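Only one structure is covered here, and it is reproduced in the block below.
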Amino acid sequence: MLWEEIIFYATFVISVVIFWYGFALYRRIKGSPLAAAVLFASLCALIFSLHHLGEVVFEVLLMDHVLNYFLEILASLFLLLAVYYVYKTSREVFVA
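Printed below as a string of structure tokens:
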């Protein structure tokens with residue numbers, strides 16, 4: 084049990100670092116066509132970090148699985164939006 088919590092907290096910290104780096108990159112390329120993709124991918128990392136933290140924190144609640152599934156769905160939607168913006172940007176680059 085202790086190793087699981089260490090791994091979950093480490094995953095939380097790594098995801099927050101990824102979010103921080105992604106958001107810093109977003110601020111640098113704000114006017115770029117890829118900015119939206121970077122923003123949504125960064126938000127996805129943040130939501131996944133909340134999901135991993137939630138697996139430890141929410142385990143005392145009766146509906147912990149529902150909250151974690153909701154966070155997974157939200158992160159997946161942000162990742163889908165990031166992929167869409169990469170696709171949209173690549174079409175603009177290769178078609179134009």
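Numbers given in our numbering equal positions in the sequence shown, counted from 1, plus 83.
Beta carbons are placed, not taken as given, at the ideal position from N, Cα and C, and that holds for glycine.
Computed from a prediction, not measured in an experiment: that's the story for all the values here.
Asked	Found
Look up K113 in the DSSP assignment and say whether it is helix, strand or coil.	coil
Do the segment 142-160 and the segment 112-120 meet, that is, are 3 or more Cβ pairs less than 8 angstroms apart?	no
Would you say I90 touches the ligand SAM, meaning its beta carbon is less than 8 angstroms from a heavy atom?	This structure lacks the ligand SAM; in fact it carries no ligand of any kind.
In whole angstroms, what separates the C-alpha of V140 from that of Y104?	25 angstroms
With distances taken from CA atoms, which of Y170, M146, C127, E138 is nearest I90?	E138
Is DSSP giving L154 helix, strand or coil here?	helix
Identify whether L144 lies in helix, strand or coil by the three-state DSSP scheme.	coil
Report yes if the C-beta distance between L126 and S98 is below 9 angstroms; otherwise report no.	no
Give me the Cβ distance between E95 and S132, rounded to the nearest whole Å; I'm assuming they're in contact under 8 angstroms.	Just to set this straight, residue 95 is Phe in the shown sequence, not Glu. Yes, F95 and S132 are in contact; Cβ-Cβ is about 5 angstroms, under 8 angstroms.
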